[in-house]
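Protein chains: 2
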Amino acid sequence: MPIGFEQHDHTTCIQTALTSAETCCADEGLQLTKVRRRVLELLLVEHKALGAYDILSTLNSEGLGSQPPIVYRALDFLVANGFAHKIEKLNAYSACCHPGKAHAPVFMICRACKYVVEAQTEPLRNFLGSTAKAAGFLIERTVIEIEGLCPACQKAEVL
Amino acid sequence: MPIGFEQHDHTTCIQTALTSAETCCADEGLQLTKVRRRVLELLLVEHKALGAYDILSTLNSEGLGSQPPIVYRALDFLVANGFAHKIEKLNAYSACCHPGKAHAPVFMICRACKYVVEAQTEPLRNFLGSTAKAAGFLIERTVIEIEGLCPACQKAEVL
DNA sequence: CATGTAATGTTATACTATAACATATAGGAA
DNA sequence: TTCCTATATGTTATAGTATAACATTACATG
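Here the protein sequences come in this chain order: A and B. No gaps in the numbering here: position 4 of the first sequence is 4 in our numbering, and each next residue is one more. Going from the second sequence to our numbering is simple: count from 1 and add 159.
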């Protein structure tokens, strides 16, 4: 279970993220409802991106809703408020590892084990900023996704 | 019609790109068939990304095929051989402006006029390379897309 | 011409996402 | 409390994107 492709205490990690989301919602008058909270939990459980319909089938088995709009609305909320990101390359969703901070996230996606790691990127932000500035372009959103092999899967490939 | 958000002779630009694709295919024993060539032309005509079904409806009206696999196969060929890129954020496709060169393209997508500009990025490539290296991650493909406003549309917004 | 490979044709279906409208629920104002 | 309003959820239907699987054709080469 790598994050940044290293081991970590994932139970704590989930708790921290949930608590942080709760605090943030309370502060900003946002409602972290049952469905929204559960979707965030599901996204936090693994460092993999989940498809909307994967999430929906879990919600369905838990009696939290069975139709697509249920999950898409919850995902919209989480993404709009910075608690999750959409991984465009996978048409899937992933919990945000650095909520609360303005950031241009870089995702490293392992094509073999499907782990998704979100990297911090101040320098990259600056770099893209100056590239765009040179072209006179105003940045509103960025999508930066790297697909490849994580350290563990590189070793596995050799075998 | 901006490229890099500036004016340019687009007729020449299309011709150059087509000729370059032909040469490249001849060199590498690839077949630039009627459908593939036409799809590339369509992508070159505008600096906008086209959806697969937009392209398909044109192909259909020209008697070149009416079913989705026709266009998806042509797009797969063009993307696999570096003549076009997929814009993940838009689920759409765009001709490559720098074919033949290994590159990690950066797309600037104007949300207002839908123009797509592909920027050159050696420094960015190096930057991502070192980021990934630090994490032990092996890069295979990169998706870098910036959504925002082009110079012209920024002016228009103010009005 | 025979043969094999690559490309195209065709049918069906899977996967992703949203529109539109109905209902329920929470929190504030009277 | 009661009403009101804004927000969230429930439900049905449908739009948009993409591929699996298999049949047929075209074409380069021995």
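Glycine is no exception: its CB is placed at the ideal position from the N, C-alpha and C atoms.
On the premise that B/F164 lies in contact with B/V276, defined as a C-beta separation below 8 Å, what is that separation, rounded to the nearest angstrom?
-> Position 117 of the second sequence, counted from the start, is the residue given in the question as residue 276 of chain B. Position 5 of the second sequence, counted from the start, is the residue given in the question as residue 164 of chain B. With a Cβ gap of about 6 Å, B/V276 and B/F164 count as contacting.
Terminal residues of the continuous beta strand (DSSP E) containing B/F266?
-> In the second sequence, counting from the first residue as 1, residue 266 of chain B sits at position 107. Element bounds for B/F266: V265 to C269.
Which value, in whole angstroms, describes the spacing of the CA atoms of A/H85 and B/D186?
-> Residue numbering aside, residue 85 of chain A sits at position 85 when the first sequence is read from its first letter. Residue numbering aside, residue 186 of chain B sits at position 27 when the second sequence is read from its first letter. Distance between the alpha carbons of A/H85 and B/D186: 42 Å.
Going straight from the alpha carbon of B/S289 to that of A/A119, what length do you get?
-> The residue labelled residue 289 of chain B in the question sits at position 130 within the second sequence. The residue labelled residue 119 of chain A in the question sits at position 119 within the first sequence. Straight-line Cα distance between these residues: approximately 12 Å.
Just the chain A side, please: which residues come within less than 8 Å of B/Q313 by C-beta, in chain order?
-> Taking the second sequence and counting its residues from 1, the one referred to as residue 313 of chain B is at position 154. Those are G136 and L138, listed as they occur along chain A.
Cα-Cα separation between B/M160 and A/A152, rounded to whole angstroms = As a working mapping, residue 160 of chain B is identified with position 1 in the second sequence. As a working mapping, residue 152 of chain A is identified with position 152 in the first sequence. Since pLDDT at B/M160 reaches only 45, below the 50 mark, its modelled position is unreliable, and no value is offered.
Put A/E46 into one of helix, strand or coil per three-state DSSP.
-> What you label residue 46 of chain A is simply residue 46 of the first sequence in a count that begins at 1. A/E46: coil per DSSP, three-state reduction.
Pair every Cβ in the region 227 to 243 of chain B with every Cβ in the region 194 to 213 of chain B, then say whether three or more of these pairs are closer than 8 Å.
-> yes
Would a check of beta-carbon distances place B/C272 closer than 7 Å to chain A?
-> By one-based count along the second sequence, residue 272 of chain B stands at place 113. Chain A contact via Cβ: absent.
So, is B/A251 buried or exposed, given that buried needs 16 or more other C-beta atoms within 10 angstroms?
-> Looking up residue 251 of chain B in the second sequence gives position 92. Buried, by the Cβ-count rule.
Less than 8 Å between the CB atoms is what I'm expecting for B/L199 and B/F242, so what's the real figure, rounded?
-> Within the second sequence, residue 199 of chain B is the residue found at index 40, counting from 1. Within the second sequence, residue 242 of chain B is the residue found at index 83, counting from 1. The pair is a contact, with the Cβ atoms about 6 Å apart (cut-off 8 Å).
Cutoff 7 Å; reference A/L78; Cβ partners in own chain excluding five residues on either side | Sequence index remark: in the first sequence, residue 78 of chain A carries index 78 (1-based). Counting only Cβ-Cβ distances below 7 Å, and skipping sequence neighbours, we find R36, V39, L40 and A84.
Got a sec, what are the start and stop residues for the beta strand (DSSP E) A/L90 sits in?
-> Reading the first sequence from its first residue, position 90 is the one you call residue 90 of chain A. Neither: A/L90 is in no beta strand (DSSP E) and is coded neither H nor E.
Where A/L128 sits in the DSSP three-state scheme | Counting from one through the first sequence, the residue named residue 128 of chain A turns up at place 128. Of the three classes helix, strand and coil, the one that applies to A/L128 here is helix, per DSSP.
Counting Cβ pairs, one atom from each stretch, are 3 or more of them under 8 Å apart for the region 122 to 129 of chain A and the region 49 to 58 of chain A?
-> no
Length of the line joining the Cα atoms of A/H47 and A/A21 = Along the first sequence, read from residue 1 onward, the residue named residue 47 of chain A stands at position 47. Along the first sequence, read from residue 1 onward, the residue named residue 21 of chain A stands at position 21. Those two C-alpha atoms are separated by around 17 Å.
Taking B/Q190 and B/C184 to be in contact with their CB atoms under 8 Å, please state how far apart those CB atoms are, rounded to whole angstroms.
-> Indexing the second sequence from 1 puts residue 190 of chain B at position 31. Indexing the second sequence from 1 puts residue 184 of chain B at position 25. Going by Cβ atoms, the distance from B/Q190 to B/C184 rounds to 7 Å, so yes, they are a contact pair.
Just grab the DSSP bridge partners of A/Y115 for me.
-> The count along the first sequence starts at 1 and reaches residue 115 of chain A at position 115. DSSP lists A/K48 as partners of A/Y115.
Keeping to the same chain, check which residues put their C-beta closer than 7 Å to that of B/E306; ignore five residues upstream and five downstream.
-> As a first step, residue 306 of chain B must be located in the second sequence, where it is residue number 147. Excluding positions up to five away in sequence, the list reads K248, I268 and R270.
When the distance is taken between beta carbons, is A/I144 closer than 7 Å to B/I303?
-> Here residue 303 of chain B corresponds to residue number 144 of the second sequence, with the count starting at 1. Here residue 144 of chain A corresponds to residue number 144 of the first sequence, with the count starting at 1. Result yes, Cβ atoms of B/I303 and A/I144 sit closer than 7 Å.
Which residues DSSP lists as bridging B/H169, in chain order | Residue 169 of chain B sits at position 10 when you count from the first residue of the second sequence. Its beta-bridge partners do not exist; DSSP assigns none.
Identity of the residues DSSP links to B/T175 by a beta bridge | For the purposes of this step, residue 175 of chain B is identified with residue 16 of the second sequence, where counting begins at 1. Its beta-bridge partners do not exist; DSSP assigns none.
Since B/P310 meets chain A, which of its residues come closer than 9 Å, beta carbon to beta carbon?
-> As a first step, residue 310 of chain B must be located in the second sequence, where it is residue number 151. Near B/P310 (Cβ distances below 9 Å), the residues of chain A are A135, G136, F137 and L138.
So which residues on chain A does B/A291 lean against when the C-beta distance must stay under 8 Å?
-> Sequence index remark: in the second sequence, residue 291 of chain B carries index 132 (1-based). Within chain A, the residues near B/A291 are M108, I146 and G148.
Closest by CA to A/P123, which one among A/G29, A/K114, A/A104 and A/F137?
-> What you label residue 123 of chain A is simply residue 123 of the first sequence in a count that begins at 1. Considering only alpha carbons, the answer is A/A104.
Would a check of beta-carbon distances place B/K260 closer than 7 Å to chain A?
-> Your numbering for residue 260 of chain B matches position 101 in the second sequence. So, not an interface residue.
Can the beta-carbon of A/A95 be found closer than 7 Å to that of A/L50?
-> One-based indexing of the first sequence puts residue 95 of chain A at position 95. One-based indexing of the first sequence puts residue 50 of chain A at position 50. Taking 7 Å as the Cβ cut-off, A/A95 and A/L50 do not qualify as a contacting pair.
How would you call A/G100, buried or exposed, if buried means at least 16 neighbouring beta carbons within 10 angstroms?
-> Walking along the first sequence from the start, residue 100 of chain A turns up at place 100. The residue is exposed, with fewer than 16 neighbouring Cβ atoms inside 10 Å.
Under 7 Å between C-beta atoms, does B/V302 make it to chain A?
-> Residue numbering aside, residue 302 of chain B sits at position 143 when the second sequence is read from its first letter. So yes, B/V302 belongs to the interface.
Just checking my contact of A/A80 with A/P68 at CB under 8 Å: how many whole Å lie between their CB atoms?
-> Your numbering for residue 80 of chain A matches position 80 in the first sequence. Your numbering for residue 68 of chain A matches position 68 in the first sequence. About 18 Å separates the two Cβ atoms, so there is no contact after all.
Using the beta-carbon count (16 or more within 10 Å), is B/T171 buried or exposed?
-> Here residue 171 of chain B refers to the residue found at position 12 when the second sequence is read from its first residue. Classification of B/T171: exposed, given that the 10 Å Cβ count is below 16.
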